[in-house]
Every structure is written in structure tokens, then in C-alpha cells.
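Asks:
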Amino acid sequence: MGFLFKLKKALGQEKEYEQTYANEVHKALKSVDDIFDESLSINEPNCSMEFIKNKEIAEPTHWIYKKVTDPIEMNYRDRSLQKSMIGHYDEVVNICISGLEKYPNSPYLLYMLGRTLGDIGKASNDNQKFNEGITALNHVIDLYPNFADAYVERGVIKRFQNNTAGANEDFITANRIEPGILNQINGLCCRCGKIVEIDYISAKYPGISKGSYDLSDPKPICQSCLDQLDDSAHTQELANLTICITRNENDEAIQIVKSIFNKNNESHWYNLGNLYFRKGMLSEALDCFDSALFLNTAYLKVWYRKGTILMNQQNFVDATKCFKNILILDPKNENGWNPASAFRLLLCSILIHNAAVQKGTGGEKINQEVVKWLEECKPVWEFAISKGFDIEKLGMNGYIDFCFENSGNILDHLEPKIATANIYSLK
């Protein structure tokens, strides 16, 4: 008795499968039906095999394009994915069953059938559907043991069945076949590498390498690693730290930070770097800031401090990278570092332009990037007007001179005022 016959019998497929629960139509996917043309016949070619082969080469990890027999099979694959995206799981099952009758070893149709039966199990809390989903996924894995997504979906179903050991085994196998696949879903903790529970809510932004200026995507972090970052046991040390900072006793403050230091806590690296920064130990401060950003590339204050040091060292090119990252991470200025970053970016852009002109590699005319930042530094204009300056009469060069001559006061006005209440809030 073949696999498809057994599965159809289990599903009661003398007639089309009908689901007994509401469609899961997500708001973000309501327009999917507008993207896929329902008027196209599933039994007529809608693309060429050349197109499919080119897609397989361009997207080698996307199994929807792998081992396609002909354009008709591609239609079944596309249609099953479309219906799955908008939660019409009954239609997905029927499309997959019909397609598998024509293409019995189609890896993607077997995968979509197993994944969808798992989705039905979640929606209806039906363990039998979980088992049917695992049966389909077992079959595709037997036929195509390098199908990483199939292991992931089987692991997800096993986790819903409280089979944690089996789920972890599948997740580890998937990650071995396709490194990084679990970072795109609820998978491996970015700190310890252990499996994260499916309902995790916390994430970090681990860097690619220490010293890199690249931002990173969020990765899950497990509760155990989060707990290790908790400083609630150091209440007295934090109180003493605040006192030392208020008194400008930086050496004593450094010793306190070192006494409770956790190398996996980006806030500790930031605060140690900030204290070195106060003492003028810029090389040590930069090393601490790079360590903090390696743990969390979304740490705005660290990018600002690093950019400030690089400005002082006249490394304006790399300083601009720091300030641009802040504008990318917080375009709405929800954390308060955007205006000061935009102003420092303006100063760096002007200095880069001037250096290029002096070397004969830049035009005399102010470049477009400088003009852009001049136009976008609205807080600076507002500050100037509040101090009685008639900005409109200054002209371009006069405005630039004003920015440099008053940069200290402007930055005092633009930088967020943060109370030194605890180790996490040193400005």
C-alpha cells in the first residue's frame, strides 16, 4: 500500500478535505490574493522550465524550485504556497493531494502537505493531524534527507506534542544542513545555542565580528541567558557606583564596575568604556564599546560614544558610519539620540568635504550629502533661533561657521539628558 493511499485513507479522502475551523487570514496577508492570479489554470503552463531552473540556481535554499518535473507541477507548488499564506489549509491539502497523484515524489508538495497538516493540528488542537503531518514529513525526509525545512517543520510539530528531545534533534539536523536556518524562526539562542521555546519574546542583535560597523538582524535569546544579565543582586554596588560618578571619582567607579563585571552583558562593557572615556583613555574605551556592539549592534548610546571618539581622533569616515547607524536604528527618535547624531554627522560630512577639497580630490562646491544634512538638522535651526540668531541671513557658509563655533552648546542642547540612576543609564 503506497504512502499517498494510506494518507488519503487517514484523511477520509473519498471526498475533498473540509476543515472544521475558521481560516487564519492574517491582516498583513489579506492582499495575497491580489498577487496571485486565480484566473490562471493550474493545469496549463504559467512559466517555462528555463525560468524555474534559473530560479533554482538563484535561490538554492528554496525547495519550491528544486526537482520540478514540469511547469504544471510548479503551478501546484505555487498554488499550495499561496493558499497556505492566507490560512486556507483545506485548499492546501486538496491541492497537495491532487498534485501528488500526478507527481507522487514531489518534495515541495509532500513538505507543504506535512506542514499544513501540522498547521491544522495547531488550529484545531488535533493530535491526529499532528501525526498525519509527521507521516508526510517523514516520507519527504526519507526521499530527500537534505531538505532542511522539512526537519524544521517536523521539529515544530514534535514540540507541540511535547516531544522536546525529538524536536531538538530535528532542529540540530536542520541547522547542520543549512547553517543559520533556525535564526530565521524560533530556534537557537544566539548566546548559548540551545533551543528557544516557541513563544520566546526576547531578542538580541549579535554582531558579525568585533569592530564591524554592520547592523544585524534580531536573533532569539533564551530565558536562561537573559537571567544571567540580571543585576538585581548588585543593588548596593550600583548605589555606590552612582555616588562615585556624581563625585567624578572615575577610578573608584571603574573598580566597582569591574567587581560585578559580566563579559556577556553589553551594558557592563558600555559603562566600563564610558568611564574610560571620561578619563581620556580613548583606546580602552573604544575596545569596550566594540565589545558591547559585538553583543548588541542595536545599542544606540554605544554607537554615539564610539562615533564621538572617532571624531576626536579625526577619523571622520568611520565616525559617520556610527552616527548613520543611529539614524537607521531610531528614525523616529524614540530614544533621543537622533538629533545629536544627525548634527555630528553634519560636522563629519563637512570636514570630509573640506579635506577632499584640500587634497584636490573634491569639488569646491559643497557636496550633496552636506546639503542634505544641513536641511535635515532642524533641531539646530530651532536652537539657533532660540538664541537669537537670524539663520536665514547667514547663508550657507555662515550657517556652517555657526555650527562649528557653537558645536559644544548645540550638542549640550541636543544630547538626551539621562539621569545616572543605575549602571544602565550612564550618559
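Just remember that the numbering used here sits 1054 ahead of the position in the sequence shown, which is counted from 1.
For every residue, glycine included, the Cβ atom is placed at its ideal position computed from N, Cα and C.
Predicted, not measured: the structure shown is a model, and the values here were computed from it.
(1) Does the Cβ-Cβ distance between GLY1209 and PHE1225 come in under 7 Å?
(2) Can we say the segment 1346-1354 touches the segment 1362-1374, given the rule of at least three CB pairs closer than 8 Å?
(3) If you run the structure through DSSP and keep just helix, strand and coil, what is ILE1252?
(4) Restricting to Cα atoms, I'd like to know which of PRO1272, SER1321, ILE1275 is closest to LEU1292.
(5) Where in the segment 1434-1470 do unbroken runs of the alpha helix (DSSP H), each at least 4 residues long, occur, reported from the N-terminal end onward?
(6) What are the boundary residues of the alpha helix (DSSP H) that ASP1305 is part of?
(7) Can you confirm whether the segment 1401-1409 touches the segment 1431-1446 when touching is taken to mean that 3 or more C-beta pairs between the two stretches lie within less than 8 Å?
(8) Which first and last residues belong to the alpha helix (DSSP H) in which GLN1412 is found?
(9) Which of the three DSSP states, helix, strand or coil, is assigned to LYS1107?
(10) Specify whether the segment 1263-1274 and the segment 1300-1311 touch according to this definition: at least 3 beta carbon pairs, one from each stretch, less than 8 Å apart.
(11) According to DSSP, is PRO1385 helix, strand or coil?
(12) When we look at the beta-carbon of PHE1458 and count the other beta-carbons within 10 Å, is it buried (16 or more) or exposed?
(13) If you compare alpha carbons, which of LEU1383, ILE1211, ASN1108 is closest to GLY1168?
(14) Just to confirm my understanding: we take GLU1110, look at its own chain, exclude 5 residues before and 5 after, and list those with CB closer than 7 Å. What are they?
(15) Taking the DSSP output, what are the residues bridged to LYS1264?
(16) Can you round the beta-carbon distance between MET1128 and CYS1101 to whole angstroms, since I take them to be within the 8 Å contact cut?
(17) With DSSP as the reference, label LYS1355 as helix, strand or coil.
(18) DSSP three-state label for LYS1375, please.
(19) Assign LYS1084 to one of three DSSP states: helix, strand, or coil.
(20) Have a look at MET1139, ASN1159, PRO1199, VAL1194 and flag the residue whose alpha-carbon is nearest the alpha-carbon of ASP1173.
(21) If you reduce the DSSP assignment to three classes, tell me which class ASP1124 lands in.
(22) Would you grab the beta carbon distance between ILE1454 and PHE1397 for me? Rounded to a whole angstrom, and I think it's under 8 Å.
(23) Go through its chain and collect everything with a Cβ distance to GLY1153's Cβ below 8 Å, but skip five positions before and after it.
(24) Buried or exposed for PHE1508, going by 16 or more other Cβ atoms inside 10 Å?
(25) Short check: CB of CYS1342 to CB of GLY1361, under 7 Å?
(26) With C-beta atoms as the reference, is LEU1354 less than 7 Å away from ILE1382?
(27) Closest to ASN1318 by CA distance: which of ARG1245, GLY1234, ARG1359 is it?
(28) Should TYR1157 and THR1189 be called a contact, given that it needs their Cβ atoms to be closer than 7 Å?
(29) Who pairs with LYS1258 in a beta bridge, going by DSSP?
(30) With DSSP as the reference, label GLY1209 as helix, strand or coil.
(31) Along the chain, where does the alpha helix (DSSP H) that runs through ILE1151 open and close?
(32) Leaving out the 5 sequence neighbours to the left and right, which residues in its chain are closer than 6 Å to THR1227 when beta-carbon positions are compared?
(33) Quick check on this structure: which residue in ASP1344, ASN1148, SER1270 has the alpha carbon closest to the alpha carbon of ALA1257?
(34) Starting from PRO1099, follow the alpha helix (DSSP H) in both directions and report where the run begins and ends.
(35) Using a Cβ cut-off of 7 Å (strictly closer), state whether SER1102 contacts chain C.
Replies: This is what the structure holds:
(1) If you number the sequence shown from 1, residue 1209 lands on position 155. If you number the sequence shown from 1, residue 1225 lands on position 171. Yes. Within cutoff.
(2) no
(3) On the sequence shown, residue 1252 is found 198 positions in, with the first residue counted as 1. The predicted position of ILE1252 is uncertain, since its pLDDT is 48 and thus under 50; no value can be drawn from it.
(4) Against the sequence shown, residue 1292 aligns to sequence position 238. Comparing Cα positions, the closest option is SER1321.
(5) 1449-1459, 1461-1468
(6) Looking up residue 1305 in the sequence shown gives position 251. Per DSSP, ASP1305 belongs to the alpha helix (DSSP H) from 1304-1313.
(7) no
(8) By one-based count along the sequence shown, residue 1412 stands at place 358. Here the alpha helix (DSSP H) through GLN1412 covers 1392-1413.
(9) Within the sequence shown, the letter at position 53 stands for residue 1107. Looking at LYS1107 - three-state DSSP - the assignment turns out to be helix.
(10) no
(11) For the purposes of this step, residue 1385 is taken as the residue at position 331 of the sequence shown. Here PRO1385 sits in coil by DSSP.
(12) In the sequence shown, residue 1458 corresponds to position 404, counting from 1. Answer is exposed; the Cβ neighbour count stays below 16.
(13) Stepping through the sequence shown from its first residue, residue 1168 is reached at position 114. Residue ILE1211 is the option with its Cα nearest to GLY1168.
(14) Within the sequence shown, the letter at position 56 stands for residue 1110. For GLU1110, where only same-chain residues beyond five positions count, the Cβ hits under 7 Å are TYR1119, LYS1120.
(15) Your numbering for residue 1264 matches position 210 in the sequence shown. Answer is none; LYS1264 lacks a bridge partner.
(16) The residue you call residue 1128 lines up with position 74 of the sequence shown. The residue you call residue 1101 lines up with position 47 of the sequence shown. Right, their Cβ atoms sit about 6 Å apart.
(17) Within the sequence shown, numbered from 1, the residue matching residue 1355 stands at position 301. Looking at LYS1355 - three-state DSSP - the assignment turns out to be helix.
(18) Reading the sequence shown from its first residue, position 321 is the one you call residue 1375. The answer is helix: DSSP assigns LYS1375 an H, G or I state.
(19) By one-based count along the sequence shown, residue 1084 stands at place 30. Model confidence at LYS1084 stands at a pLDDT of 40, short of 50, so the residue's coordinates are unreliable and nothing is read from them.
(20) Position 119 of the sequence shown, counted from the first residue, corresponds to residue 1173. Among MET1139, ASN1159, PRO1199, VAL1194, the Cα nearest to that of ASP1173 belongs to MET1139.
(21) Taking the first residue of the sequence shown as position 1, residue 1124 is located at position 70. In the structure shown, ASP1124 sits in coil (DSSP, three-state: anything other than H, G, I, E or B).
(22) By one-based count along the sequence shown, residue 1454 stands at place 400. By one-based count along the sequence shown, residue 1397 stands at place 343. About 12 Å; that fails the 8 Å criterion.
(23) Sequence index remark: in the sequence shown, residue 1153 carries index 99 (1-based). Contacts found: GLU1127, TYR1130, ARG1131, SER1134, SER1160, LEU1163.
(24) One cannot answer for residue 1508 here, as it falls past the ends of the chain, which runs 1055 to 1481.
(25) Locating residue 1342 in the sequence shown gives position 288, counting from the first residue. Locating residue 1361 in the sequence shown gives position 307, counting from the first residue. The answer is no: Cβ separation not under 7 Å.
(26) Taking the first residue of the sequence shown as position 1, residue 1354 is located at position 300. Taking the first residue of the sequence shown as position 1, residue 1382 is located at position 328. No, these two residues do not count as a Cβ contact at 7 Å.
(27) For the purposes of this step, residue 1318 is identified with residue 264 of the sequence shown, where counting begins at 1. Residue ARG1245 is the option with its Cα nearest to ASN1318.
(28) Translated into the one-based positions of the sequence shown, residue 1157 becomes position 103. Translated into the one-based positions of the sequence shown, residue 1189 becomes position 135. Against a cut-off of 7 Å, the Cβ pair of THR1189 and TYR1157 comes out as no contact.
(29) Taking the first residue of the sequence shown as 1, we reach residue 1258 at position 204. Answer is LYS1273.
(30) What you label residue 1209 is simply residue 155 of the sequence shown in a count that begins at 1. Looking at GLY1209 - three-state DSSP - the assignment turns out to be helix.
(31) As a working mapping, residue 1151 is identified with position 97 in the sequence shown. That run of the alpha helix (DSSP H) goes 1143-1156.
(32) Numbered from 1 along the sequence shown, position 173 holds the residue referred to as residue 1227. Excluding sequence neighbours, THR1227 sits near TYR1205.
(33) Along the sequence shown, read from residue 1 onward, the residue named residue 1257 stands at position 203. Among ASP1344, ASN1148, SER1270, the Cα nearest to that of ALA1257 is on SER1270.
(34) In the sequence shown, counting from the first residue as 1, residue 1099 sits at position 45. Counting along the chain, no alpha helix (DSSP H) covers PRO1099, and no H or E run does either.
(35) The question asks about chain C, but that chain is absent: this structure has only one protein chain.
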